[in-house]
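**Student:**
Structural data, given as structure tokens:
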């Protein structure tokens, strides 16, 4: 794995493939493993015969990519041009799912965004019901993006997954549903909470779901 760019705010790493598809995986909060963030979806993206290019983006500040977004966009678009990627797909879970949605419209040749349990917004004036991750959200006093509604493009297909057991996620889900966009598809996974990706993985379905959408 090659480090494309790293500083105290974010890290971008890359694994080369042998086709013209680039999958960009955005990392979530990761409160386990001693709060050490790591590249997400590695095993899943490697569990396929498709040898896609893969890029991982980590927001070290856990800021929902707030204000580091322009720098990351520049680095990612440079990579897309360098490897001549004709198809770009964004992917993420929770905060990473939010990242997958807001970055997609700004990336060259991006046609698909896949998001598991994303937040519609972390601005308390828009989602006052969101009480999780307060130790990180409380650090956000300004928002480069208030909510995802301004970042949805008709040229991109959005596949968004939520469980049916987490009350706050259900409220985020309703806000996505209110956007009423034909290219925004919401999937409800019964029996899961904020762990939809993990739930599908335990059932042996995560690889099939993700690769079916790439």
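Residue numbers (the working numbering): 19 to 232.
Note that beta-carbon positions come from the ideal geometry of N, C-alpha and C, so glycine has one too.
1. Would you check if there are 3 or more beta carbon pairs closer than 8 Å linking the stretch 151 to 158 to the stretch 89 to 98?
2. On a CA-only basis, which of 174, 79, 150, 201 is nearest residue 24? Give me that one, please.
3. Check each candidate in 214, 33, 44 and name the one with the smallest Cα separation from residue 113.
4. Determine the burial state of residue 228: buried for a count of at least 16 other Cβ atoms within 10 Å of its Cβ, exposed for fewer.
5. Using three-state DSSP, classify residue 31 as helix, strand or coil.
6. Distance, Cα to Cα, residue 211 vs residue 188?
7. I think residue 108 touches residue 128, with their Cβ atoms under 8 Å apart; what is that distance to the nearest whole Å?
8. Where does residue 179 sit, in a helix, a strand or coil, going by DSSP?
9. Which whole runs of the beta strand (DSSP E) in the stretch 82 to 137 are 3 residues long or more, in chain order?
10. Please classify residue 205: is it buried, with 16 or more other beta-carbons within 10 angstroms of its beta-carbon, or exposed?
11. Which residue wins for smallest C-alpha separation from residue 144, given the options 151, 42, 164, 65?
**Tutor:** Answer, in terms of the structure:
1. no
2. 79
3. 44
4. buried
5. strand
6. 10 Å
7. 6 Å
8. strand
9. 105 to 111, 128 to 134
10. exposed
11. 164
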